[in-house]
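The letter at position 232 of the sequence shown is residue 232 when you use full-length UniProt numbering, and the numbering goes up by one with no holes.
For glycine and all other residues, C-beta sits at the position ideal for the given N, C-alpha and C.
Given the structure is predicted, the values throughout are model-derived calculations rather than measurements.
Shown next, in structure tokens, is the structure this report addresses.
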Amino acid sequence: MTCCSRFLSGLTAALLVAGAARADWNLLEDFDDLTPGAIGGQGDWLTNLQAGATSNAAYDVAADPANAANQTMLVTGFNGNGYLPLGTASIAEGATSTVFLRMRATNDSDLVFGASDIADPAGAFESYEGQVVMGNLKNATAQPGGDPLDNQWKVRNVGAFDNLGTFNPNEWYNVWLVLNNATDTTGFYVSLGTGDAALLGTGGFRNGTVDPLVSLLVKTGARHNNFASMGYIDDIYIDSSGENLVIPEGVGTGGPSGDFNGDGSVNAADYTTWRDGLGTTFTQADYDVWKSNFGAGPATGAVAASTVPEPATAVLATLGSVGALMAGRRSAFSRFFS
1 MTCCSRFLSG LTAALLVAGA ARADWNLLED FDDLTPGAIG GQGDWLTNLQ AGATSNAAYD
61 VAADPANAAN QTMLVTGFNG NGYLPLGTAS IAEGATSTVF LRMRATNDSD LVFGASDIAD
121 PAGAFESYEG QVVMGNLKNA TAQPGGDPLD NQWKVRNVGA FDNLGTFNPN EWYNVWLVLN
181 NATDTTGFYV SLGTGDAALL GTGGFRNGTV DPLVSLLVKT GARHNNFASM GYIDDIYIDS
241 SGENLVIPEG VGTGGPSGDF NGDGSVNAAD YTTWRDGLGT TFTQADYDVW KSNFGAGPAT
301 GAVAASTVPE PATAVLATLG SVGALMAGRR SAFSRFFS
């Protein structure tokens, strides 16, 4: 086998392995085919309010605050419940599946996601088995004196939450829940951008069950019951074959903060997107995010943003590139036929 053949063979094998790692993901919801507004009744989504509790929860299909062309689910308020039946993707007793999604929350929010063995949850937190939280923990044991732990990742560990570290508000995170319905445990992993999944911790199911996990649940207000709580969820996938810590192919992993049009860089085009969406998708605070991150993005994008040539210079550079390309082609043509 020649060196070239060995290289191609190795490359093909690597691509096949990578493809196999990604092929087991099944898309449950990316919200792109739904209509903006209340999500209840769209697709397989159902919503209800927690019985006997004060609630202002709302679950809506809404624009991605980082990319107005992308649709997400916006969760606001507290003490409501949005849930998605798993149907044929239900996780049988004794089986392990991985759920992937992207999560984003504002300051002082509690965005809760997990799985349940109840097909039609009543809205109470007791409906959860595997459960993770992106938010705040405001209780007497949070810190000395009862001060809140702000912007904490948490996993439910049977009768309590484990605090697992902080997150940055208003940024998209990749989230993996490895739901083991044999040991009744949740492996909780996160990453930013295209980063590798990092294990934050493992928790025990809230109640423990011998039944299949048949629905995914979304709630807010796990601890502080904040009427202003706000979070986003997008790109929900499941792999029923076991643990899978790869980002599904084609998932929008998000750009830097301030990249409002989703092109991977923070530049003048994002200002236009912000200006056009001010008062609906964006707020004045988003302008400050854009301003403080201007120029961020891939290395080539950052260089391009800081060295934009004058129009005449750009034309000359383009003509020079074309001339060099044509000269190279003439030289190759001459060598081939000489």
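{"Item": "Distance between Trp25 and Ala119 (C-alpha atoms, nearest Å)", "Value": "22 Å"}
{"Item": "Top-ranked residue by Cα proximity to Val246, from Gly203, Gln42, Val99 and Glu93", "Value": "Val99"}
{"Item": "Beta-carbon proximity list for Phe333, same chain, < 6 Å, skipping 5 on both sides", "Value": "In this prediction, Phe333 has a pLDDT of 37, which is less than 50 and means its spatial position is unreliable; nothing more can be read from the coordinates."}
{"Item": "Asp64 - DSSP class collapsed to helix/strand/coil", "Value": "strand"}
{"Item": "Limits of the alpha helix (DSSP H) - the one that Ser191 falls within", "Value": "Segment Thr185 to Ser191 is the beta strand (DSSP E) holding Ser191; no alpha helix (DSSP H) there."}
{"Item": "Close beta carbons around Thr96, own chain, < 6 Å, minus the five adjacent residues each side", "Value": "Asn180 and Gly242"}
{"Item": "Cβ pair count under 8 Å reaching 3, the stretch 201-217 against the stretch 277-286", "Value": "no"}
{"Item": "Residue burial classification, Asp239 (beta-carbon count within 10 angstroms, cutoff 16)", "Value": "buried"}
{"Item": "Rounded separation between Asn151 and Ser292 - CA only", "Value": "21 Å"}
{"Item": "Ser306 versus Tyr271: straight-line alpha-carbon distance, rounded", "Value": "Residue placement at Ser306 cannot be trusted, given a pLDDT of 39 that sits under 50; what the coordinates show is reported in the next sentence. Ser306 and Tyr271: Cα-Cα distance of roughly 16 Å."}
{"Item": "Beta-carbon separation (whole angstroms), Asn67 vs Phe260, contact threshold 8 Å", "Value": "7 Å"}
{"Item": "Limits of the beta strand (DSSP E) - the one that Arg104 falls within", "Value": "Thr96 to Ala105"}
{"Item": "Beta-bridge partners of Trp172, as assigned by DSSP", "Value": "DSSP output for Trp172 lists no bridge partner at all."}
{"Item": "Exposure of Gly284, with buried meaning 16 or more beta-carbon neighbours within 10 Å", "Value": "At residue 284 the sequence reads Gln, which differs from the Gly that was named. Counting Cβ neighbours within 10 Å, Gln284 comes out exposed, since fewer than 16 surround it."}
{"Item": "Residues that DSSP places opposite Pro85 in a beta bridge", "Value": "Ser215"}
{"Item": "DSSP-derived helix/strand/coil call for Glu29", "Value": "strand"}
{"Item": "Host alpha helix (DSSP H) of residue 339 (start-end)", "Value": "Past the boundaries of the shown model lies residue 339; the chain is included only from 1 to 338, so the question cannot be answered."}
{"Item": "Residues sharing a beta bridge with Val112, DSSP", "Value": "Val133 and Lys219"}
{"Item": "Cβ neighbour criterion (16 or more within 10 Å) applied to Asn81", "Value": "buried"}
{"Item": "Buried versus exposed, by CB contacts within 10 Å (16 or more), Leu199", "Value": "exposed"}
{"Item": "Best match in Trp176, Thr194, Gly195 and Asp196 for proximity to Gly187 [C-alpha to C-alpha]", "Value": "Trp176"}
{"Item": "Stretch pair the stretch 202-212 + the stretch 153-164: three plus CB contacts closer than 8 Å", "Value": "yes"}
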